[in-house]
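Number of protein chains: 2
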Amino acid sequence: MDSCVIPLRHGGLSLVQTTDFFYPLVEDPYMMGRIACANVLSDLYAMGITECDNMLMLLSVSQKMNEKERDQVMPLMMKGFRDTAEEAGTSVTGGQTVVNPWIIIGGVASVVCQPNDFIMPDSAVPGDVLVLTKPLGTQVAVNAHQWLDIPEKWNKIKLVISREEVEQAYQEAMLNMATLNRTAAALMHKFNAHAATDITGFGIIGHARNLAQQQKNDVAFVIHNLPIISKMAAISKAGGNLFGLLQGTSSETSGGLLICLPREQAARFCAEMKSSRVGLSGAVGQDGGAGDGQQAWIIGIVEKGNRCARIIDKPRIIEVPYRGSVVSVQEGSNNNASPPEVQLT
Amino acid sequence: MDSCVIPLRHGGLSLVQTTDFFYPLVEDPYMMGRIACANVLSDLYAMGITECDNMLMLLSVSQKMNEKERDQVMPLMMKGFRDTAEEAGTSVTGGQTVVNPWIIIGGVASVVCQPNDFIMPDSAVPGDVLVLTKPLGTQVAVNAHQWLDIPEKWNKIKLVISREEVEQAYQEAMLNMATLNRTAAALMHKFNAHAATDITGFGIIGHARNLAQQQKNDVAFVIHNLPIISKMAAISKAGGNLFGLLQGTSSETSGGLLICLPREQAARFCAEMKSSRVGLSGAVGQDGGAGDGQQAWIIGIVEKGNRCARIIDKPRIIEVPYRGSVVSVQEGSNNNASPPEVQLT
Numbered sequence: 017m018d019s020c021v022i023p024l025r026h027g028g029l030s031l032v033q034t035t036d037f038f039y040p041l042v043e044d045p046y047m048m049g050r051i052a053c054a055n056v057l058s059d060l061y062a063m064g065i066t067e068c069d070n071m072l073m074l075l076s077v078s079q080k081m082n083e084k085e086r087d088q089v090m091p092l093m094m095k096g097f098r099d100t101a102e103e104a105g106t107s108v109t110g111g112q113t114v115v116n117p118w119i120i121i122g123g124v125a126s127v128v129c130q131p132n133d134f135i136m137p138d139s140a141v142p143g144d145v146l147v148l149t150k151p152l153g154t155q156v157a158v159n160a161h162q163w164l165d166i167p168e169k170w171n172k173i174k175l176v177i178s179r180e181e182v183e184q185a186y187q188e189a190m191l192n193m194a195t196l197n198r199t200a201a202a203l204m205h206k207f208n209a210h211a212a213t214d215i216t217g218f219g220i221i222g223h224a225r226n227l228a229q230q231q232k233n234d235v236a237f238v239i240h241n242l243p244i245i246s247k248m249a250a251i252s253k254a255g256g257n258l259f260g261l262l263q264g265t266s267s268e269t270s271g272g273l274l275i276c277l278p279r280e281q282a283a284r285f286c287a288e289m290k291s292s293r294v295g296l297s298g299a300v301g302q303d304g305g306a307g308d309g310q311q312a313w314i315i316g317i318v319e320k321g322n323r324c325a326r327i328i329d330k331p332r333i334i335e336v337p338y339r340g341s342v343v344s345v346q347e348g349s350n351n352n353a354s355p356p357e358v359q360l361t
Numbered sequence: 017m018d019s020c021v022i023p024l025r026h027g028g029l030s031l032v033q034t035t036d037f038f039y040p041l042v043e044d045p046y047m048m049g050r051i052a053c054a055n056v057l058s059d060l061y062a063m064g065i066t067e068c069d070n071m072l073m074l075l076s077v078s079q080k081m082n083e084k085e086r087d088q089v090m091p092l093m094m095k096g097f098r099d100t101a102e103e104a105g106t107s108v109t110g111g112q113t114v115v116n117p118w119i120i121i122g123g124v125a126s127v128v129c130q131p132n133d134f135i136m137p138d139s140a141v142p143g144d145v146l147v148l149t150k151p152l153g154t155q156v157a158v159n160a161h162q163w164l165d166i167p168e169k170w171n172k173i174k175l176v177i178s179r180e181e182v183e184q185a186y187q188e189a190m191l192n193m194a195t196l197n198r199t200a201a202a203l204m205h206k207f208n209a210h211a212a213t214d215i216t217g218f219g220i221i222g223h224a225r226n227l228a229q230q231q232k233n234d235v236a237f238v239i240h241n242l243p244i245i246s247k248m249a250a251i252s253k254a255g256g257n258l259f260g261l262l263q264g265t266s267s268e269t270s271g272g273l274l275i276c277l278p279r280e281q282a283a284r285f286c287a288e289m290k291s292s293r294v295g296l297s298g299a300v301g302q303d304g305g306a307g308d309g310q311q312a313w314i315i316g317i318v319e320k321g322n323r324c325a326r327i328i329d330k331p332r333i334i335e336v337p338y339r340g341s342v343v344s345v346q347e348g349s350n351n352n353a354s355p356p357e358v359q360l361t
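Chains as they are written, first to last, in the working numbering: chain H, 17 to 361; chain F, 17 to 361.
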C-alpha cells in the first residue's frame, strides 16, 4: 500500500501516514519544493484520502553550497513545499534539517481518518477499467532537458525534437509533477473506485503489478494506451528505448493515480477531472489560465487473471500536448468531451 | 516544543508527532539503530506521552558501502531500531530508504492523544526544581573513543584517563543513549511535572534556555549540579574545555529529560526512577542485571526571572560511574536512597 494504516485506540479511527524524500531533479528550487510536497501527499490521495492533518518537512542542506547559495535556494524550496501544502488544505508543522553532501527534500503526511474516508486498494473486479490521471514521461523530459548541455547525449535525440520543444516538455513535466492528485482522490469516492495507486519510481508497469498483487479477486491489469508527454516517446525510441518508457518501466516522479473504476463510471470520472477547477493555478503562478482541470485517460482494462499486469504489444501512444503551446486549443475545446476509448487490441 | 501538536477534527483528539534523523555516531550498527529510535521517541516522552501509535523509519544507505557491507550493516541497524520500538510498545510500519554518500538513520513517531495524555511544557513556577534523567557527556565519550586511534588527539587527554576507561565511558554513553525516556514520561504525570524537554544537540544549557522561553510565568532556570559520565569532565578540561561540556553547550544525543517538578515531588520522582524496572535490559542483552532503574538527579531550581537559564559559577560536577564497573556497588545500595540535594550556591 502507498500509506500505512494504523488502527487507533480511539473510536474506530485510523492513523494513515506516509513518508517520502529524495534528491532534487529540477533546477527551480521553488518548483522542486512543490513537487516534493505533491509527491508526499500523493500516497494519501492514492487511498482516496482528500484531507491531511499535518505534514513534516525533511530537509538536508548540501555542505557543498556556500552560505549565499543556501540562503537563496533553501527558502525557495521550503516555500514551494509550504505553498503546495497550503493548496492541499494542510500545513507543515515540524520537521528536521541536517547537512549532507547532497540536498534532500521530502516529508511526512499524516491524517486521522474514519473508515470510509479511505479506499483500501484491493477490490478491483474483472470488467473494471484502468484510468490514469497524469501523462507519463517525466523522467525522459527531465533527462532530455539536462542533455541540452551534453553534446554527446543531445546528438542522439536532436533529430526528433527541437531545443524549444525540450524546454516545453520540461516545463510540462514540472507542472504535472507539482500538480496534486487531490481532485482524483475526491472523485474516487464519487465514482466508486475499487483500487488505486500512484505512479512513481517503478514506472507504470511496476506500480500496476504491485497493485494487481494486492487484489482480493483473481484479476489481471491490461494496459492498452500510454498517455505520454508529447515527443517523449520519440526521444525514448531515438535513444534506444531510453528508460524503457514504452515498456512502462521509466520512473515517474509525483506521477498520476492509476485507478480501477467500474467501466460505466470511468468516462464521467475523466470528464469531471477535466472540468474541475483545481490544479495548476498555484503551480504556474497564473490566475487560473491553466486551471481548467486535469486530463485523465482510460488506459486499460481489468480482466480475470493471476494478479499480474501487462502492457499489450504495440500500445497506442497518446501524445499529450504541452499546455503552454496549446492554450488556445484548450480554450476552444469542450471540457466535457469524452476521453479516448479503450482499444481492445 | 519537542513535538508538534495538531488538533484533530475528531472528538477532542490531537495528533502529536515528531521526526529526527542523523548520522551514525557509534560503531555498532545495532546500537546505532537503538539510539536512533530512542532519540526519535524522546520528543514524545518529553511531553509526558508514554504511548506511540506508529513509527516510520528513515534510512539512507551509503553509496560508498559495497554490497557485503550493506548486507551486514543495514539489517542490524534496522533491527536495533525495531527492537527499541518494540521495547517502547510500538512498531515500525512504513518508511523510506534512499542511497546517499552518508548513512542516515532516523524516524517519525506519531500518536493520537487525548488532552490529558500530554503535558504542555509551559507551566514551570518559581520554587520548582529541575531534574535530569541521564548524565551528560555523550559527545565527549564518543569523541574520546575515536581518539584512541588518533595519537595527536589521544596525547592531549591520556594523562587524565586510561584506554580502558575510555572504552567503559563509551559503553556507558551508548547504553544511556539507547535508553528510552519512557519511565520518566510516565512519572511526569504521577508527580505533576510542570514542563520538560529532552537534551540533544544544543546541550543542556541550550535546551534549558529554549524551555525557559516557552514558560507562561516569569521564571529563570538555575542549574547547580552537572551529572556527567565519569572522567568526561576531566577530559573536557584536559582538552581545553572540549565542546564546552562544563558550560552546558556540549551536544548530547538521545539525552535525558530535563523536567520542572514541584520541589516536594522531585525526590520521590528520582526514587521511583531508580526503582523502576524499565531501562537497559534489552539494550545490553543481559537478563536484567543492569535493569534496576535509572538514576535521576535534582540539578537546579526554578526562580523568578526573565525566561532565561544559566549554570552557576563552579557547578558541582557529579561523577556518574560506569555501570559495568560498579554493579556490585549498585547491588548493595539502597534503591530508594534520596537523590543528591541541590546545593543553593
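Every residue, glycine too, gets a C-beta built ideally from N, C-alpha and C.
Query                                                                                                                                                                                                         : Result
Which class does Gly105 of chain F belong to by DSSP, given the choice of helix, strand or coil?                                                                                                              : coil
I need the straight-line Cα distance from Ala312 of chain H to Lys253 of chain H, nearest angstrom please.                                                                                                    : 24 Å
Go ahead and pull the three-state DSSP assignment for Lys217 of chain H.                                                                                                                                      : In the sequence as presented, Lys is not what sits at residue 217 of chain H; that position holds Gly. In the structure shown, Gly217 of chain H sits in coil (DSSP, three-state: anything other than H, G, I, E or B).
Give the interface partners of Ser126 of chain H over in chain F, defined as CB-CB distance under 7 Å, in chain order.                                                                                        : Leu31, Gln33 and Ser126
Since Gln112 of chain H sits in a beta bridge, which residues does DSSP pair it with?                                                                                                                         : H:Leu74
Output the boundary residues of the beta strand (DSSP E) element that contains Glu168 of chain F.                                                                                                             : No beta strand (DSSP E) contains Glu168 of chain F, which is instead part of the alpha helix (DSSP H) from Pro167 to Ile173.
For Ala224 of chain H, which of H:Leu273, H:Asn208 and H:Arg332 has the nearest alpha-carbon?                                                                                                                 : H:Leu273
Can you tell me which of the three DSSP states His240 of chain H falls into?                                                                                                                                  : strand
Mind checking which residues open and close the alpha helix (DSSP H) that includes Arg198 of chain H?                                                                                                         : Arg198 to Lys206
Between the Cα of Ser266 of chain H and the Cα atoms of H:Ile244, H:Cys286 and H:Thr109, which residue gives the shortest distance?                                                                           : H:Ile244
Can the beta-carbon of Thr35 of chain H be found less than 9 Å from the beta-carbon of Val124 of chain H?                                                                                                     : yes
Would you mind telling me which residues of chain F sit closer than 8 Å to Ile119 of chain H, beta carbon to beta carbon, in chain order?                                                                     : Chain F residues near Ile119 of chain H: none, gap ~11 Å exceeds 8 Å.
Among H:Ser76, H:Gly340 and H:Asn226, which has the Cα closest to the Cα of Phe237 of chain H?                                                                                                                : H:Asn226
Residue range of the beta strand (DSSP E) that Ile251 of chain F falls in?                                                                                                                                    : Element bounds for Ile251 of chain F: not the beta strand (DSSP E) but the alpha helix (DSSP H), Met248 to Ala254.
Could you name the residues of the same chain whose beta carbon sits closer than 7 Å to that of Gly143 of chain F, not counting the 5 residues immediately before and after it, in chain order?               : Arg279 and Val318
Check whether the Cβ atoms of Ser58 of chain H and Asp99 of chain H lie closer than 9 Å to each other.                                                                                                        : no
Tell me the rounded alpha-carbon separation between Met63 of chain H and Val128 of chain H.                                                                                                                   : 13 Å
Would you say Asn226 of chain H lies against chain F (beta-carbon separation less than 9 Å)?                                                                                                                  : no
To the nearest angstrom, how far is it from the Cα of Glu181 of chain F to the Cα of Trp163 of chain F?                                                                                                       : 13 Å
With H, G and I counted as helix, E and B as strand and the rest as coil, what does DSSP make of Gly271 of chain H?                                                                                           : coil
So with CB distances below 8 Å, who are the chain F contacts of Thr154 of chain H?                                                                                                                            : Within chain F, no residue comes near Thr154 of chain H; the closest Cβ sits about 18 Å away, beyond 8 Å.
Decide if Pro137 of chain F is buried, meaning its Cβ has at least 16 other Cβ atoms within 10 Å, or exposed.                                                                                                 : buried
Count the other CB atoms, across all protein chains shown, that sit within 10 Å of the CB of Gly27 of chain H; report buried if there are 16 or more and exposed otherwise.                                   : exposed
Output yes or no for whether 9 Å exceeds the beta carbon distance between Tyr338 of chain H and Ser246 of chain H.                                                                                            : yes
Could you tell me which uninterrupted alpha helix (DSSP H) segments, each at least 4 residues in length, are contained entirely in the stretch 137–164 of chain H, listed from first to last along the chain? : 154–163
Find out if the Cβ-Cβ distance for the pair Phe218 of chain F, Ile120 of chain F is shorter than 9 Å.                                                                                                         : no
Which residues in chain F sit within 8 Å of Thr109 of chain H, going by Cβ to Cβ distance?                                                                                                                    : Cys20 and Ile22
List, in chain order, every chain H residue whose beta-carbon is nearer than 7 Å to that of Asn132 of chain F.                                                                                                : In chain order: nothing, as chain H lies at least about 13 Å away.
Once the 5 residues before and after Thr109 of chain F are set aside, which same chain residues still bring their CB inside 6 Å of it?                                                                        : Asn70
How many Å lie between Pro167 of chain F and Ala160 of chain F at the Cα?                                                                                                                                     : 11 Å
Return the chain-ordered list of same chain residues with a C-beta closer than 7 Å to the C-beta of Leu31 of chain F, the five sequence neighbours on each side being excluded.                               : Ile22, Leu24, Ser126 and Val128
Taking all protein chains shown into account, decide if Gly105 of chain F is buried (16 or more other Cβ within 10 angstroms of its Cβ) or exposed.                                                           : exposed
Buried or exposed for Val115 of chain H, please, with buried defined as at least 16 other CB atoms from any protein chain shown within 10 angstroms of its CB.                                                : exposed
Under 7 Å Cβ to Cβ from Leu258 of chain F, same chain only, skipping five residues before and after it: list those, please.                                                                                   : Val156, Ile251 and Ser252
Who are the Cβ neighbours of Ser76 of chain F in its own chain at under 6 Å, not counting the five residues just before and after it?                                                                         : Val114, Asn116 and Ile120
Let me know if Asn82 of chain F comes out buried or exposed under the rule of 16 or more other beta-carbons within 10 Å of its beta-carbon.                                                                   : exposed
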